[in-house]
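Residue numbers (this note's numbering): 506 to 746.
These notes are about the structure you will find just below.
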Amino acid sequence: MRNAIALGVAAAALAAAGCSVARSEDGGPRVERDYQVGAFDRIELAGAYDTTVRTGSAPSVHAQGNQKAIDDLEVTVKDGVLVIQHKKRMGFGWSSHHRGKVTLTVTVPSLRGAELAGSGDINIDKVAGDSFEGAIAGSGNLKVDHLEVGKLKLEIAGSGNATAGSGRARTAEYGIAGSGGIDAKGIAVETASVSIAGSGDISAHASNTAAVSIMGSGDVELTGGAKCSVSKAGSGQARCS
């Protein structure tokens, strides 16, 4: 009898422990939250968040995700930069799978910069103004559907991808350090500077002049009829047409 009771107590304890683990790993109910933010024209995103940016409206941030993920989200504006990241936590027992997936919708009157660190995605509907700079550090993806700017700059450090759908810019600077990719062939550019260090690939357009630098196995493909000057070390290829 004592053995049976002991086994029963042990089984109950194991079951309780299992339930406790399940609850701790459960991100909780799905919730939505709006954040009051001040004026900004640049975005810094750190984490695996999927973010949609809509320009032309008053500044706002709307988030959807499970309770723990939303509670772990920090949204601030500093010196004109909207910063979205995980709250800093100390101690054991906290890992990223507790947070779950968060999707964000950001509105802003105009945008002149977006920086992504990590594996998240930023999708921007349109950009217009003097300049726009997009930067990726990691495996994330940055996409701009349409842009009209004087100066465009897209940079990747890592395996991420940057895509610009359509539009124009007077000058453009594209750079990759790593295995990422830049697809900006839909952007009509007069003068371009293109550089690759690694195995990444760049597709772009230039109609006047283009300076191309390749160190590694990456490839550059330029359309638009620009006069190209090429500096190359490695097996990468530059094609200008």
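Just so it is clear, CB atoms sit at the ideal spot from N, CA and C, and this is done for glycine as well.
In this chain, the beta strand (DSSP E) harbouring Q590 covers 586-591. For A716, the beta-bridge partners assigned by DSSP are S698, S734. The shortest C-alpha to C-alpha distance from I589 to any of G623, A563, T560, S562 is the one to G623. For D576, the three-state secondary structure derived from DSSP is helix.
For Y540, the secondary structure class from DSSP, reduced to helix, strand or coil, is strand.
For S565, the enclosing beta strand (DSSP E) has its first and last residue at 565-571.
Contact annotation: A697 and A715 have beta-carbon atoms nearer than 8 angstroms. Here DSSP, grouped into helix, strand and coil, assigns S708 to strand. Per DSSP, L616 is not a residue of any beta strand (DSSP E), being assigned neither H nor E. In the DSSP annotation of this structure, the continuous segment of the beta strand (DSSP E) that includes A667 starts and ends at 666-683. In the displayed model, D724 falls within a strand according to three-state DSSP. According to the DSSP secondary-structure assignment, S746 is paired through a beta bridge with no residue.
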